[in-house]
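As you go down the protein sequences, you meet chains A and B in turn.
Sequential numbering from 386 applies to the first sequence in the numbering used here.
Sequential numbering from 386 applies to the second sequence in the numbering used here.
Quick notes on the structure that follows.
2 protein chains.
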Amino acid sequence: MFDFEFHNPTKIVFGRQTVARLDTLVPANARVLVLYGGGSAQKNGTLDEVLGALGSREIQQFGGIEANPTYETLMRAVELIREQKLDFLLAVGGGSVIDGTKFVAAAVAYQGEPWEILETYGAKVTQALPFGSVLTLPATGSEMNNGGVVTRKSTQSKLPFRSPHVFPQFSILDPDKTLTLPPRQLANGVADAFTHVVEQYLTYPVEGRVQDRFAEGLLQTLVEIGPKVLNDPDDDVRANLMWVATLALNGLVGAGVPQDWSTHMIGHELTAGYGIDHARTLAVVLPANLQIRRESKRRKLLQYAERVWHITDGSEEQRIDAAIERTRSFFESLDIRTRLHDYDIGADAIDALIAQLEAHGMTRLGEGKDVTPDVSRRILEASL
Amino acid sequence: MFDFEFHNPTKIVFGRQTVARLDTLVPANARVLVLYGGGSAQKNGTLDEVLGALGSREIQQFGGIEANPTYETLMRAVELIREQKLDFLLAVGGGSVIDGTKFVAAAVAYQGEPWEILETYGAKVTQALPFGSVLTLPATGSEMNNGGVVTRKSTQSKLPFRSPHVFPQFSILDPDKTLTLPPRQLANGVADAFTHVVEQYLTYPVEGRVQDRFAEGLLQTLVEIGPKVLNDPDDDVRANLMWVATLALNGLVGAGVPQDWSTHMIGHELTAGYGIDHARTLAVVLPANLQIRRESKRRKLLQYAERVWHITDGSEEQRIDAAIERTRSFFESLDIRTRLHDYDIGADAIDALIAQLEAHGMTRLGEGKDVTPDVSRRILEASL
Chain A
386 MFDFEFHNPT
396 KIVFGRQTVA
406 RLDTLVPANA
416 RVLVLYGGGS
426 AQKNGTLDEV
436 LGALGSREIQ
446 QFGGIEANPT
456 YETLMRAVEL
466 IREQKLDFLL
476 AVGGGSVIDG
486 TKFVAAAVAY
496 QGEPWEILET
506 YGAKVTQALP
516 FGSVLTLPAT
526 GSEMNNGGVV
536 TRKSTQSKLP
546 FRSPHVFPQF
556 SILDPDKTLT
566 LPPRQLANGV
576 ADAFTHVVEQ
586 YLTYPVEGRV
596 QDRFAEGLLQ
606 TLVEIGPKVL
616 NDPDDDVRAN
626 LMWVATLALN
636 GLVGAGVPQD
646 WSTHMIGHEL
656 TAGYGIDHAR
666 TLAVVLPANL
676 QIRRESKRRK
686 LLQYAERVWH
696 ITDGSEEQRI
706 DAAIERTRSF
716 FESLDIRTRL
726 HDYDIGADAI
736 DALIAQLEAH
746 GMTRLGEGKD
756 VTPDVSRRIL
766 EASL
Chain B
386 MFDFEFHNPT
396 KIVFGRQTVA
406 RLDTLVPANA
416 RVLVLYGGGS
426 AQKNGTLDEV
436 LGALGSREIQ
446 QFGGIEANPT
456 YETLMRAVEL
466 IREQKLDFLL
476 AVGGGSVIDG
486 TKFVAAAVAY
496 QGEPWEILET
506 YGAKVTQALP
516 FGSVLTLPAT
526 GSEMNNGGVV
536 TRKSTQSKLP
546 FRSPHVFPQF
556 SILDPDKTLT
566 LPPRQLANGV
576 ADAFTHVVEQ
586 YLTYPVEGRV
596 QDRFAEGLLQ
606 TLVEIGPKVL
616 NDPDDDVRAN
626 LMWVATLALN
636 GLVGAGVPQD
646 WSTHMIGHEL
656 TAGYGIDHAR
666 TLAVVLPANL
676 QIRRESKRRK
686 LLQYAERVWH
696 ITDGSEEQRI
706 DAAIERTRSF
716 FESLDIRTRL
726 HDYDIGADAI
736 DALIAQLEAH
746 GMTRLGEGKD
756 VTPDVSRRIL
766 EASL
């Protein structure tokens, strides 16, 4: 096991009817900016519920944060906060709104051009406004971690950042908030959480026994509830999806073990360049990535085959093939297509995607820093 | 799944040579009380290492905190802190020292007789001195939770308390600190962590899928490393034991699911009355407890049998019997005896033990509040 630090101070308030708890969670004298997305929080009543719970506090609203939140939009929130001297942020939405709120929280106090926060992956952040979240879409885990991803429209750059200063102070997880989600977003949430775990698990063994067991437990749970999420999302399925997605990326299963994240970095270029849903880019890239790098991931692929998919028959090569095939089938069973051509992207697109990876410094990816642009190219070719 | 809150702000610094990190973790102007136990931290050099890392800070020391720390001893530390106006506590030791430090941290600022903290199980604690820990004995999980247990010698009372104010700010987990531990303490650590997980898992099903998987992962890991802890504790075994024991009781596997804890409460009376090691009381009480309450725990016992012990053959009764037997054998394989008569305690002791449970308000124990004194009596009789 590697040495590690683990520190996650976010308070989770989990259960139905918990939005009312905002009244005790947000400081009584706070001047609050409520940030939300494209309007679903307005339509389904969550926004009204939030505003009601905040009572007589000074409140401003900022709607319109996009899926894959943009620097351009978020900087308008930063200006509003500075103008109105607001001092507490409340994200109401899914990963995009929470990621965006993290960036806004850090950018308000940033000395210099805030895009530097992303260019330096968060290393230059020294303070941030306090904020909380009301989660409406289980997927990214942003509600209980200190990372975010922001896109700059003008340059088609989608970059991640993280900082110990951008943990939410609290997150409210009410499984009933998922009742109005369309199947596409629920399926994306399952695929996103699944891939988050795989990025922290399917690398090489370091005797992180409990990290492996926890990762396998999350993957098994997603495999069990995945079909029900689309077809029969009862109370328990919704609750489990919400808690699993949070735990998939709260720092715990990745503490003390190698991490990959090359699938995410390659996937980000597909979203930035073609607007494909984040989770769908992962479902395209992951099976191909595991196939191309099967040698360096051999031992963990065999463990994954046995413990997650119960594949024990056949040669090592057959078991690895079967595990990768089951991974692809799992995504497809969620109505998520797993080939670039399903998204009308052909081989001719690959040069530009590789150029963008290089432009963003993504030239030594993966747990072994061996996913060079050439390896990324082979992964994309295998994704066609 | 039940509604829940989860909040664990303790920062974990895990790895070898991490004691030196105290210099950045403890405030530079802190007036520190270093608390430790019976002298092993002095003998093996950890105390010197800690004092060295604290540099030129104002430091006082308080040694002699017992296994099963006593109110009488801890109140002397409280006096010293008040006299010397110390403002930061550093526990160097195992669960007893950390539990004791939590009590001291809460008692210093307590208005009134601090024994009330225990009589009210921590509910009256409104503030505490900040503190951190350097863990030397993986077992209790106290290094990453907000609970403790204190014994009052004069009345043979051993009572638990918890409060959101007594999370350690940080805990340093250096697996090499376990190198000098005697086998008895290592075995106790395995049994203690195992029982902590069981208390939060072996109740009744509520569709807490990931909590179950995490609990089973911790138990499987303890079953795998248990024998090696005694016979071949290499670097990886030590590291895994330390991290598993911490995760066994940091609030995570118990969030949103029923919890039992009757084995602990009955065990506490055995320690208070007869001085038996805490972990050994658990190994005595747990198999009998599972046997007596097998009906109410039936579904989880069957799940435990299958997922932890891979018992799939036989009738339900046979599988439950086998799982309980494997649990007992596991403790015995750690050189821990699992019968009261192994500790020279006979049936004539049971009346007094039940009377103590009643005196401490322990009359409705367990996940169903149905472990009355009569049920506790049957459990003790089955432990003979």
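Heads up, the beta-carbon is just placed ideally off N, CA and C, and yes, glycines get one too.
- Any Cβ of chain B closer than 8 Å to the Cβ of residue 386 (chain A) would place that residue at the interface, and such an atom is present.
- The alpha-carbon separation between residue 442 (chain B) and residue 680 (chain A) amounts to approximately 52 Å.
- For residue 483 (chain A), there are no neighbours in chain B by C-beta distance under 9 Å, as the nearest C-beta there is about 17 Å away.
- Ranked by how close their Cα comes to the Cα of residue 392 (chain A), the residues A:530, A:435, A:526 have A:530 in first place.
- Contact annotation: residue 514 (chain B) and residue 535 (chain B) have beta-carbon atoms that are not nearer than 8 Å.
- Taking C-beta atoms as the reference points, residue 390 (chain B) and residue 398 (chain A) count as a pair closer than 8 Å.
- Across the structure, residue 606 (chain A) and residue 545 (chain B) are spaced so that their CA atoms are roughly 34 Å apart.
- Straight across, the Cα-Cα distance linking residue 386 (chain B) with residue 592 (chain B) is about 6 Å.
- For the options A:537, A:574, A:732, A:755, the alpha carbon positioned closest to that of residue 667 (chain A) is the one of A:574.
- Taking residue 512 (chain B) as the centre and dropping the five residues before and after it, the same chain places the C-beta of 494, 550 closer than 7 Å to its C-beta, in chain order.
- Non-local beta-carbon contacts of residue 471 (chain A) in its own chain, meaning distances under 7 Å to residues more than five positions away in sequence, involve 416, 417, 418, 445 in chain order.
- At a cut-off of 8 Å between beta-carbon atoms, residue 653 (chain B) makes no contact with chain A.
- The beta carbons of residue 648 (chain A) and residue 588 (chain A) sit about 12 Å from each other, so the pair does not count as a contact at 8 Å.
- For residue 605 (chain B), the C-beta contacts it makes with chain A under 8 Å involve 598, in order along the chain.
- Per DSSP, residue 693 (chain A) lies in no alpha helix (DSSP H) and is assigned neither H nor E.
- Residue 715 (chain B) does not reach chain A, its nearest Cβ partner there being about 17 Å away, counting only Cβ pairs nearer than 7 Å.
- Following the DSSP letters along the chain, one finds residue 758 (chain A) inside the alpha helix (DSSP H) bounded by residues 758–767.
- At a C-beta separation below 7 Å, residue 632 (chain B) has these neighbours in chain A: 595.
- A straight line joining the alpha-carbon of residue 620 (chain A) with that of residue 561 (chain A) spans about 8 Å.
- The three-state secondary structure of residue 661 (chain A), taken from DSSP, is coil.
- Listed in chain order, the non-local C-beta contacts of residue 440 (chain A) below 7 Å within the same chain comprise 408, local neighbours out to five positions each way being set aside.
- The secondary-structure analysis by DSSP pairs residue 534 (chain B) across a beta bridge with B:545.
- Assigned with DSSP and collapsed to three states, residue 390 (chain A) falls in strand.
- Closer than 7 Å at the C-beta level to chain A, one finds these residues of the stretch 617–628 of chain B: 621, 624, 625, 628.
- The secondary-structure analysis by DSSP pairs residue 444 (chain A) across a beta bridge with A:417.
- If you check the CB distance, residue 516 (chain A) and residue 475 (chain A) come in under 8 Å.
- Fewer than three Cβ pairs drawn from the stretch 484–492 of chain A and the stretch 426–437 of chain A lie within less than 8 Å of each other, which leaves the two stretches out of contact.
- In this model, residue 396 (chain A) and residue 625 (chain A) are separated by some 18 Å (Cα to Cα).
- Bounds of the beta strand (DSSP E) holding residue 478 (chain A) are 473–478.
- Listed in chain order, the non-local C-beta contacts of residue 405 (chain A) below 7 Å within the same chain comprise 438, local neighbours out to five positions each way being set aside.
- Shown in chain order are the members of the stretch 632–649 of chain A whose Cβ falls below 9 Å from a Cβ of chain B: 632, 637, 640, 641.
- Membership of residue 527 (chain A) in any alpha helix (DSSP H) is not indicated, and neither H nor E is assigned to it by DSSP.
- The bridge partners DSSP lists for residue 641 (chain A) come to none.
- The alpha carbon of residue 693 (chain B) has as its nearest neighbour, out of B:450, B:505, B:421, B:599, the alpha carbon of B:599.
- Looking at the DSSP output, residue 571 (chain B) shares a beta bridge with no other residue.
- In terms of Cα proximity to residue 732 (chain A), the closest of A:627, A:691, A:763 is A:763.
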